[in-house]
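Q: Quick one: the structure is below, questions incoming.
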Amino acid sequence: MVLGSNICIQKTLYEVLSVSEDATYDEVRAAYKSAALNTHPDKAQTTGEASVSSDEEQEFLSVQKAWEILRHPNSRAEYDKQLQSSRQNIEIIASEIEVGDMMVENTDDTVDLLHPCRCGDYFSITSCELGEMGILITADGEVELQTSDSVSASIVLGCGSCSLKVRLVINKTS
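To convert, note that position 35 of the sequence shown is 35 in the UniProt record's numbering; the numbers rise steadily by one, no gaps.
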């Protein structure tokens, strides 16, 4: 099973079965049986509905898929490993800022752009780092040139002290 980058949007297999991630085999099995009975397409027909909707069918298939993976120790261990890995790769962005929101400090041959973090430290990037990306910054902190054809670009900046991140949105001015 391969987890997509949309793990934030989709339910985990544990959430599909309404069990905790540390649930025992017996707890997973009991949750599967209950979910399978509640989402089975034949249940809709016994309640007098004419046909099963695709959402109901998809829900039942999700329950089946969760059971197929979580019932086997090896596939469950692999799923858990992928789930943990995907959670570590998710970047949580505190906010978006623009170049104009940043403080400008001129040092020797570089321009430092700084934005205060709520922890008291700063998000920062230098004109040299931006230059490597094809973005030139003037001494007063204005975007002078962007070599790409795109109208805007964005860069994720991490705080120097804490784990917060912001997205620096750079708009082309010329």
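Idealized CB from N, CA, C, for every residue including glycine.
For clarity, every value in this text was computed on a predicted model and none was experimentally measured.
So for Cys159, helix, strand or coil by DSSP?
A: Working through the sequence shown from its first residue, we reach residue 159 at position 159. In this structure, Cys159 counts as strand in the three-state DSSP scheme.
Q: What separation, rounded to the nearest whole angstrom, lies between the Cα atoms of Glu105 and Leu130?
A: Locating residue 105 in the sequence shown gives position 105, where the first residue counts as 1. Locating residue 130 in the sequence shown gives position 130, where the first residue counts as 1. Spanning the two alpha carbons is a distance of roughly 15 Å.
Q: Provide the residue span of the beta strand (DSSP E) that contains Thr126, from first to last.
A: Position 126 of the sequence shown, counted from the first residue, corresponds to residue 126. Here the beta strand (DSSP E) through Thr126 covers Tyr122 to Thr126.
Q: In three-state terms, what does DSSP make of Leu61?
A: If you number the sequence shown from 1, residue 61 lands on position 61. Helix, per DSSP.
Q: In three-state DSSP terms, what is Ala23?
A: By 1-based counting over the sequence shown, the position of residue 23 is 23. Three-state DSSP puts Ala23 in coil, outside helix and strand.
Q: In chain order, what residues of the same chain lie with their CB nearer than 6 Å to the CB of Ala35, ignoring the 5 residues before and after it?
A: Within the sequence shown, the letter at position 35 stands for residue 35. Correct list, in chain order: Leu17 and Val63.
Q: For the pair the segment 124–139 and the segment 105–115, tell me if three or more CB-CB distances fall below 8 Å.
A: Output reads yes: the segment 105–115 touches the segment 124–139.
Q: If you drop the 5 nearest sequence neighbours on each side, which residues of the same chain put their C-beta closer than 7 Å to that of Asp101?
A: The sequence position of residue 101 within the sequence shown is 101, counting from 1. Cβ neighbours of Asp101 beyond the five flanking positions: His115.
Q: If I measure Cβ to Cβ from Ser150 and keep anything under 6 Å in the same chain, skipping five residues before and after, which residues do I get?
A: The sequence position of residue 150 within the sequence shown is 150, counting from 1. Note that Ser150 scores a pLDDT of 47, beneath 50, so its modelled location is shaky and nothing firm can be said.
Q: What's the call for Leu37, buried or exposed, on a 16-neighbour Cβ count within 10 Å?
A: If you number the sequence shown from 1, residue 37 lands on position 37. Label assigned to Leu37: exposed.
Q: How about Val143 and Glu96: are their beta carbons less than 8 Å apart?
A: If you number the sequence shown from 1, residue 143 lands on position 143. If you number the sequence shown from 1, residue 96 lands on position 96. No, the Cβ-Cβ distance between Val143 and Glu96 is not below 8 Å.
Q: Between His40, Cys117 and Leu13, which lies nearest to residue 185 when the distance is taken from Cα to Cα?
A: For the chain, the structure presents residues 1 to 174; residue 185 sits outside this window and is missing.
Q: Look at the alpha carbon of His72 and the alpha carbon of Ile135, and state the distance between them as a whole number of angstroms.
A: Here residue 72 refers to the residue found at position 72 when the sequence shown is read from its first residue. Here residue 135 refers to the residue found at position 135 when the sequence shown is read from its first residue. For His72 and Ile135, the distance between alpha carbons rounds to 51 Å.
Q: Suppose you measure from the CA of Leu61 to the CA of Asp55; what does that come to, to the nearest Å?
A: Walking along the sequence shown from the start, residue 61 turns up at place 61. Walking along the sequence shown from the start, residue 55 turns up at place 55. So the two alpha carbons sit approximately 10 Å from each other.
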